[in-house]
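Enquirer: Sharing a structure, written as structure tokens. Questions coming.
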């Protein structure tokens, strides 16, 4: 897997270790709740860094695959797995590389995490922006953001210490059923300066939605109150302002497509993986009725490893909009004082 | 208001009347449930059409404002309306045109509808694609897609004839309270050929999410099962396939970022408008504590007129991806038969 | 004719008069050496300016056509004028709007000049950049940049006062022959800061070449020594540097795709217009042998009015690269002192 | 060195050998007239090809450096070589990787050749387009396109067999002088279908100019008659048309930004390399007066190896425009017969 990060400002201190931290968080095989596939996911910086600092030219990143067992593809070679891209690739391109590991593989998200780590480091060091994700729902279990420090101390990226045993039982039951489950992930970005985002088509929330919806298995994106806004009244939804701050954050950090200085709060819905050890009806390449069981080592909940990926996409979108905003408005002096964010969560 | 539609294939029959139909559906002042502002919204085609057909060169569209009452801006000139872009524009650009009608105005959506009408006509005439939106929730009232033909026969774009009186009562109560309400809109695109969308970042669902989230007041976007997928199991969510068709449509029409031939089903959450005749706390340009009442003729539910806008955005995204797909894959012959869509709704 | 200028920084003082100055320089009918078509070319700013300053949102510009005599198109309707886009539009789109005034019309360049005037004003006021073009060759007559102040005082944009009578005689002879002639235009941009341009594909000279070659009738683009560099030796071509400045400017203002602080010097070749009152062999729509005389009021040398257009394209490219550079490198502190430009011309 | 080729249509037969052919033509060290640096330039296809055919997904290419002698950078570390990007990178980014091999290195052009080879294969196999370049001038020596088959049979990419000994003497003298020389390269693309290119800014010639001017050391680009058009009359320049073909090709293959079916004829000017074993005046990082001699193995004429690079850029631009044109106009049926090209060269 490789990628090229273009446009990174020069002078940022950057080593492979800075990137490895986030890759480690995404890496499978760390608990019994994720796939037992072992991927070292060691990143190499090929270009764009000199004497420990970014040079302003493109940063090339490479991760070599290490756990490539020889597999038997005879089953998936001629049949389309339901819920996978097999059928659509075949229809679009007239062919497909059935060995996996390609564009539709979840492995692709390593490079999102790796490049996001660079954006994140810049945002943190230069602007003080902190980006923190957490599991906000697993199947029927709702989870609150009680303690964001706890997120990295459990295999679920859960911010709610009291719910760990419930999550463990749920996942153990699921495994016995040979089934998978959906999840909801939320990401909070704090200290985002007001002004990021462009009116009309390139609104900050539009680019966040695009970035997040482009992650494999994502079926929904919300900003702030999200779908709960459907049943809110205007007097209830609008975040009132005072010199002491916004009174709450139902907007999720933007107004009219531009960051307001409130925390960016984005949530995503991840579908349950379709790769389960249960036979599913399908067709073969000739269009004949068939069925297929997806063998192999798959995550019973792809959402359990999606937190670092979602954080990375938020970081990349914020970084792009920061540079774009700075290009146009670097010398703007708004005479209006900044309203403090409300971040009591 | 003006816009330029670039890249439209030549030879499409197009007149102003073709566009006016959709503009008429969005136009305010048609029922007592929308703003009473009268906007003629007469579109003029300035270029790109010759002898009744598109020429392949950019199509310029123009709508002149007709209902421009002189207004008193003294209040909003120096104060930021909560829930509006006033504050963020000031912070981004160091200035703002407080007279409205600009980039953050809902008037901007006329051009989305107008350009969407062209995409829609092409998709319908050349590919048989039908795009139909409807109100799927208003505040607490859930609405089903019982009769899509009924949508254009009521002021709510509601597809559920039995719910009209409930909607009327709700809106009448709301008006008496001087408040506003959120809404959910769903859009169904049928007969979409398989193959539209690009892997990784430009997935069809990613561009749909971007296009829909860029509409004013949208706070969430779902595809297919959307957030309901969070509590689904894999055996439940995945749409199984047979020569007779997909068994259901929880995916919402894409697999791996590429259209599958199933109906595209996208839903959006619209927040309640913040422009209500109730005072809200705010700050003024100097950052001092203040409050403001938003006068004027505003929609109590911006979602009530959003159906044609959402349809237009879906049409534009599908059109772009159709042309892009054709550029790369015009001569692909997939040997696999197409699986029929499941469209029983 | 209309256009939209997106991304202009806010706070720039801008009025229609600022733009009109450059339009006036391009306007036809001011001397007997250009077409006698009268076009008022009055520009209107439709958006993006408030209280005399740019707001940071898109600036819409419109020029209405005033001199639209009814014409007889019967001849060009079914025949392709040699040297025109008639044949290629027909082949590309299967149709064409033969009435002219469209995408392939020289009228299109008014919007280049209008938008360039905005870029130019910003570059001059904020960065001290001056952009000055001049006629450097007309047919066989070579012209030097002796006095750039003289350029706006003669109908040829000539910077060589001693050559005016020679130019007048040449153009008078040409008119009697009923023929047209090519021209070479050079543009000099001074006080350009070092650092503009991106390595590899988006080099400053690459974007200048694209912008300039996109002007109607341009057949060649040079930077600095240009084609003269073909017969130079390395010891001769390379511009040596000292704390007092570069010793000359054969590079034309860039090194490795990035501005060096030297003057940008770009030149373009303009072909003679094919619209001359002499019959030319051609084919008709059915592919049959035919001939055509192009009537109407055409410039005998399109190069005579191209100076403001070329200046505008240079301004637009520099502006785009300035904003892009600022986005990435706004806070870079190069510890190396700037080498003065050599501008003895 | 690596690159990613996105958007290639699926189903093209492609092996590393197909790419290696063109790399071999660019490779240094094959005659005594180029640098004696040995680079194996073995390309590896990392993705996008399956069972010998392109899959429609991105094609990753990689060439590993093999001839990396340890070098002494002490001289260029703190001084700016005149005529190089050293000074401008320092000013833009505040730092630079002085070890070379990066973005401003001529090594970068290997990936242009490699990706161009893919475009070229598609264009040849699917559309019959042939792209052939040749040296058209070396210093003062003008060269004609007498025999394009001869180009690959001599170390100069010269199409004029009678001039080889003159070229050899010139280069031998130059070496003794320790100097370098400029060159002019021309590229001819035949069988290009009419219709490629977009009006106004994305004209085919504009994108050709951008692509060609982005090659290291290029200082000028011409299409067709190029700068010779400056002294042509309209009656002389315009290519007349008949059912038997165009009467000549001064336009260089486009009319109004769109290919006409004539041969595309583009020429470029390459400056003499500044890396010569003669001391040049310069400044050091602190801005102090200094001088530098560029040691190492450099080409005395960078133009001698530029032919495959220029061909590759023409191939890439044509390919992009072909796909773009097909996206919009795949189903256009122009009723006008195609006029044959005039290719007697």
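Residue numbers (the working numbering), protein chains in the order written: chain Z, 1 to 345; chain H, 1001 to 1345; chain U, 2001 to 2345; chain S, 3001 to 3345. Beta carbons are placed, not taken as given, at the ideal position from N, Cα and C, and that holds for glycine. Owing to the predicted nature of the structure, the values given are computational and were not obtained by experimental measurement.
(1) Please tell me whether residue 1078/H has its Cβ less than 7 angstroms away from any Cβ of chain U.
(2) Taking the alpha-carbon of residue 3189/S as reference, which of 3056/S, 3315/S, 3020/S has the nearest alpha-carbon?
(3) In the region 2192-2215 of chain U, which residues sit with their C-beta less than 8 angstroms from some C-beta in chain Z, listed in chain order?
(4) Going by DSSP in three states, residue 1241/H sits in which element: helix, strand or coil?
(5) Can you give me the C-alpha to C-alpha distance between residue 1186/H and residue 1136/H, rounded to a whole angstrom?
(6) Under 7 angstroms between beta-carbons, which chain Z residues line up against residue 3093/S? List them in chain order, please.
(7) For chain Z, is any of its Cβ atoms less than 7 angstroms away from the one on residue 3115/S?
(8) If I'm right that residue 3019/S touches residue 3114/S with Cβ under 8 angstroms, what's the distance once you round it to whole angstroms?
(9) Taking Cβ positions only, does residue 103/Z come closer than 7 angstroms to chain S?
(10) Using a Cβ-Cβ cutoff of 7 angstroms, what residues of the region 311-325 of chain Z are near chain U? List them in chain order.
(11) In chain B, what lies closer than 7 angstroms to residue 3137/S by C-beta?
(12) Could you name the residues of the same chain whose beta carbon sits closer than 6 angstroms to that of residue 219/Z, not counting the 5 residues immediately before and after it, in chain order?
(13) Of all the CB atoms in chain Z, is at least one closer than 7 angstroms to the CB of residue 2327/U?
(14) Quick one: does residue 330/Z have its CB under 7 angstroms from some CB of chain U?
(15) Report yes or no: is there a C-beta of chain Z within less than 7 angstroms of the C-beta of residue 2007/U?
(16) Would a check of beta-carbon distances place residue 150/Z closer than 7 angstroms to chain S?
(17) Does the beta-carbon distance from residue 3336/S to residue 2262/U come in below 7 angstroms?
(18) So that I know if they touch, is there some Cβ in chain H lying closer than 7 angstroms to that of residue 2072/U?
(19) Measure from the alpha carbon of residue 2222/U to the alpha carbon of each residue in 2184/U, 2273/U, 2015/U, then state which is nearest.
(20) Using a beta-carbon distance below 7 angstroms, is residue 2277/U in contact with chain S?
(21) Using the C-alpha atoms, what's the distance from residue 1111/H back to residue 1002/H?
(22) To the nearest angstrom, how far is it from the Cα of residue 2074/U to the Cα of residue 2282/U?
(23) So the beta strand (DSSP E) residue 2218/U belongs to, where does it begin and stop?
(24) Sort 3066/S, 3062/S, 3204/S by Cα distance to residue 3040/S and report the nearest one.
(25) Does DSSP put residue 1268/H in a helix, a strand or coil?
(26) Can you pull the chain Z neighbours of residue 3097/S, defined as C-beta to C-beta under 7 angstroms?
(27) Using only CA atoms, which one of 2294/U, 2340/U, 2339/U, 2303/U lies nearest to residue 2080/U?
(28) Output the distance between the C-alpha atoms of residue 3056/S and residue 1165/H, rounded to the nearest integer angstrom.
(29) Can you check whether the CB of residue 1243/H is closer than 7 angstroms to the CB of residue 287/Z?
(30) At the 7 angstroms Cβ level, is residue 235/Z part of the contact set with chain H, yes or no?
(31) Identify which residue in 2141/U, 2047/U, 2172/U, 2264/U has its Cα closest to the Cα of residue 2034/U.
(32) List in chain order: all unbroken alpha helix (DSSP H) runs of 4+ residues lying wholly within the region 3157-3222 of chain S.
(33) What is the residue span of the beta strand (DSSP E) that residue 1292/H lies within?
(34) Which chain U residues are close to residue 3374/S, counting only those with a beta carbon under 9 angstroms from its beta carbon?
(35) So for residue 226/Z, helix, strand or coil by DSSP?
(36) What's the C-alpha gap between residue 1345/H and residue 1007/H?
Expert: Looking at the coordinates:
(1) no
(2) 3315/S
(3) 2199
(4) strand
(5) 6 angstroms
(6) 10, 55, 56
(7) no
(8) 5 angstroms
(9) yes
(10) 323, 324
(11) Of the protein chains in the structure, Z, H, U and S, none is chain B.
(12) 269, 271
(13) yes
(14) yes
(15) yes
(16) no
(17) no
(18) no
(19) 2184/U
(20) no
(21) 7 angstroms
(22) 15 angstroms
(23) 2218-2223
(24) 3066/S
(25) strand
(26) 50, 55
(27) 2294/U
(28) 53 angstroms
(29) yes
(30) yes
(31) 2172/U
(32) 3164-3177, 3204-3213
(33) 1289-1292
(34) Here chain S has residues from 3001 to 3345 only, and residue 3374/S is not among them.
(35) helix
(36) Confidence is the limiting factor: at residue 1345/H the pLDDT is only 44, short of 50, which leaves the residue's position unreliable and the question unanswerable from this model.
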